[in-house]
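One structure is given here, and the rest of the page talks about it.
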Amino acid sequence: MYREIHLLKPVMQSQQILHYYLKFFHFLMQKMIKQITLVLFSFISIFALIPDLSAQNWDYESYPHLPFEISHLDAELNISDTGSIEGDLLYMIQLKDGDIDSLVFDARDMEILSTVINDESKEFYFENNQLIVLTDGDFNRGDEISLRIQYRNNPVFGYFQTAKGTYFTSLLPLTTSHWLPVPDHPRVQFTSEIIFTHPAGKTVVSNGRRATMEIESVSEETTSFTSNKTVSPVDLSFAMGDLELISSTQNSNDIQSEYSSMFERRSDHQIHIYSENSDFESDQLLETAVDAYGKLYEHLNVGYPFRDLSIVILEDDFWETKSYGAGIIYLYLNRGDLETQLQRALTGVWLGAHQRTELWSDPDAITAFQGWTLNTLFDLDYVYEQTEAPYHVFDGSLSSKWQSNFAENQNDKFNSHFERVYNSLISESSQVMNWYDLAKAIYKDSGFPYFDTDKPVLAELTKEEVSDYQYRAEMKWDEEQQNITVTFNAISEPVNELVTVQVDEYTLLDEKENEITFTGDSDSTVLNVSTNTENIMLTILGRDDIRLEVQKPFEFWIHQLRNSDDPDRREAAAEGLANYSDNPDLQLALQDQMRNEENSDVYAELLRTFSAVTTGATGTDQMLIDHLSSRYSNEVRLAAVEGLANFRGNDSVISQLRSVVSQTDNSEIRTAAILSLNEVVDVDRFKILAEDLITQESVLQDVPLLLNLLSEKGETEAAVQYADTFLADGFPYSIRSEVLDLILQADQSREGWENRLTRLLEDRDPRIRIQALNALDRVSDTFRSEWLDRRKTEEYDERVRRALNQF
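Per the UniProt record's numbering, numbering through the sequence shown is continuous, rising by one, with the last residue being 807.
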């Protein structure tokens, strides 16, 4: 574009004529160039939905070209029940420069319906995953304009649907622009009001305070969220689904926290917890959130940076690593302790979303602040397991390295310099912080340079593997010599120092106490005992890392079972007696003890030993079936189910086990029942049973087990056929991943994999896309080459892209 020519002092009429002539000429040239440009880019826009491979950088740009500033976003987003989005956006913009011929927004795989500046339609085109809106160059520096964008899309990257139907957006880099046209960068921030139109009965959670909820029709509702504090688009997120508000500071009057008064007024920020699981106990989690909020508020001394805090609990993380945004947190049941997740994520709301890094490839300033703060306020274990690079930087592993560095004073000089600038940097208004900013502040304070080449090196975290030593202690009773030889044999790594063992001898008249020792791979001790010894008990003294498996005479176990007041010792006796299945007195002794045993764990072990002794004897099946009754504890019912595995071909047993699989809500019992079914039926009958059971929702978690057992019985083709059904993206990841493993092991057919891979390589879940790459050796060279080229071009997840580049 030509720049407009300004004549500074037109003092003569000829100069004025020349001035207007040049303006008119410039106007004509602008129109001509614009038309030529639009013709060219109308051709390019045909390929707008085909991303440019060179443009798919996974990280944000450092110091991007941002000649305008967005102050506010008004958005109306219509989310369908299939997750597609139709948006009508109004951005309020102030120009930082007068020489702007276009506004550039990130917009990936979108259909733009219209762009309007100040109520005037404007032309636009796509280039390198960006929407370029032509301004005609009619504005000056400082002008305030409005930009309206209408669009629709069905995002693929960074937009997930859980097995329970909840849609939620990713917080990985450059994901916001897959569902919202916006300058997708940490240096951009604005206030917002977003109105979601969504299917009736669904709940929407997003950034800011929920302002209104209205029923539009039988099928639609609207929910609006407002944020009068600026948020960056990189920290915008929403979730929509069957989410239940399970706890909130707004309607809870009995929060046991010293900070509960911070939420008493309507104008105060509030904390809301939502979950897909309505049975979730949330009171303790809300108290943890209030405590963490209060501690961070007091310690950081900068106030809460957003409007309200919404916490969304989901079952699966979909390989997300950053769980916090601008006033919104995601907690995942598959990621361990929720309270620990919450404390880390809430720290990230202040130090990660408010104070944030520009580049994920330069995270150390923010993660150092996180590590210092976590050490100061919370008692948290380190995150040792690091997820796949490069998105691992905010999974907790890097902030844990900083925690360890500060706790162990690994870089003592740097740590003291860091402590001196900690408060001043947090209180600064600048909300983007890179390592250079931190190093510059330290240098200004101390004169010590910690720039790239002098950056402190963090030690790798190593978790001490604590494994118990295992020994077998075998007692041999020599009645003639009146002694017992106790032999200790190491089952695992041996102990190289002396271990002290307390020996309690129980006789007819009294109890005696003694001590012996052992060490190494094998060691023996001879104990002199009385003629009327009834039991010997061994107890390791002074350490809890040695597990002792005791083998002793039948009479000793019987005495322990009948006379010990300790349920654990009676349970051990019941288990030990299983080694004496050929003793004619055992069955009667077990039945006698079962009539009087009140502890369910001991009773269950007695039933297991009884099953091992009788091994499918006629008549004992009914006894075990009777123990399937709901009047017995789950421990006893589990033992009964396991015992029924001995009755091969017994129709009554088969029927009972099938009922247990279908009806029980205890996953351990259901799994045991499937394993027992596998033992008692032949392959044909198991196939029929499996065909029925895999269609039942209550059995879903055990579908991979059923299909693997079916495959092991020789019905590989049927197992693969059924497994294909459970690859669909409506099933939980754990199910999909396990059945995909089964198919990878069982199916070598080229045709089968070429049909499957067209779906799996474009799956919404990046973990499935990576796992599916293991089948590329099963397809033709042409298919492999075509799909590798295609996926390398279309793939946005950098972890998957790096895996693709290995081929």
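All residues carry an ideal CB built from backbone N, CA and C; glycine is no exception.
These numbers come from a predicted model, not from an experiment.
Item	Value
Own chain partners of Thr614 with C-beta closer than 6 Å, once the 5 adjacent residues on each side are dropped	Thr620
Presumed contact (8 Å Cβ cut-off) between Thr487 and Glu474, rounded CB distance	5 Å
Gln431: CB within 7 Å of a non-hydrogen atom of the ligand SAM	Of the ligands one can find in the structure shown there are none, so the ligand SAM has no counterpart to examine.
Burial state of Phe378, where buried means 16 or more other Cβ atoms lie within 10 Å	buried
Per-residue DSSP class, three states only, for Lys229	strand
Selection from Asp88, Ile246 and Thr517 that minimises the alpha carbon distance to Leu498	Thr517
First through last residue of the alpha helix (DSSP H) which encompasses Leu677	Ser667 to Val680
For Ala573, the nearest candidate out of Thr609, Ile546 and Ser600 (CA to CA)	Thr609
Range covered by the beta strand (DSSP E) that runs through Val205	Thr203 to Ser206
Assigned secondary structure, Arg791 (DSSP; H/G/I helix, E/B strand, else coil)	helix
Between the CA atoms of Gly325 and Leu172 - distance to the nearest angstrom	10 Å
Alpha-carbon to alpha-carbon, Phe369 and Gln243	The sequence given here has Leu at residue 243, not Gln. So the two alpha carbons sit approximately 33 Å from each other.
Nonlocal neighbours in the same chain, by C-beta distance under 6 Å from Glu449, ignoring five residues either side	Looking at the sequence shown, residue 449 is not Glu but Pro. The residues are Tyr443.
Residues bridged to residue 820 [DSSP beta-bridge criterion]	Since the first residue shown for the chain is 1 and the last is 807, residue 820 is missing from the structure and cannot be characterised.
Ala672 vs Leu705 beta-carbon contact at 8 Å	no
Three-way DSSP call (helix, strand, coil) for Ile491 in this model	coil
Outcome for Lys31 when other beta-carbon atoms lying within 10 angstroms are tallied against a minimum of 16	Since pLDDT at Lys31 reaches only 46, below the 50 mark, its modelled position is unreliable, and no value is offered.
Beta-carbon spacing of Asn599, Asn634 below 8 Å	no
Distance between beta carbons of Ile313 and Tyr274, contact taken as under 8 Å	7 Å
Supposed close pair Asp568, Tyr469 - CB separation, criterion 8 Å	About 20 Å; that fails the 8 Å criterion.
Which listed residue (Thr162, Gly348 and Arg335) has its alpha carbon closest to that of Glu276	Thr162
Limits of the unbroken alpha helix (DSSP H) element including Leu709	Val703 to Glu712
Alpha helix (DSSP H) segment containing Gln560, residue limits	Phe554 to Asn563
Leu700 to Ile735 span [Cα, whole Å]	8 Å
Buried versus exposed, by CB contacts within 10 Å (16 or more), Thr344	A small fix is needed here, since residue 344 is Arg in this sequence, not Thr. Arg344 should be labelled buried.
Residues near Asp317 by beta carbon distance below 8 Å, same chain, minus five either side	Ser323, Tyr330, Tyr332, Asn334 and Arg335
Extent of the continuous beta strand (DSSP E) run through Tyr151	Glu144 to Asn153
Proximity below 8 Å, CB of Val501 to CB of Thr539	yes
Endpoints, the beta strand (DSSP E) within which Asn78 is located	Phe68 to Ile79
Whole runs of the alpha helix (DSSP H) within the segment 535–614, excluding any shorter than 4 residues	554–563, 567–576, 586–596 and 600–614
Helix, strand or coil at Phe116 according to DSSP, with G and I counted as helix	It should be noted that the sequence gives Val, not Phe, for residue 116. In the structure shown, Val116 sits in a strand (DSSP, three-state: E or B).
Contact check, Leu89 vs Ile132, beta carbons under 8 Å	no
Nonlocal neighbours in the same chain, by C-beta distance under 7 Å from Phe647, ignoring five residues either side	Gly616, Asp621, Val653 and Val680
Own chain partners of Ala746 with C-beta closer than 7 Å, once the 5 adjacent residues on each side are dropped	Ser711, Thr716, Ala719 and Val720
Candidates Leu577, Gly98 and Val383: closest to Asp138 by CA position	Gly98
Ile271 vs Thr249 beta-carbon contact at 8 Å	yes
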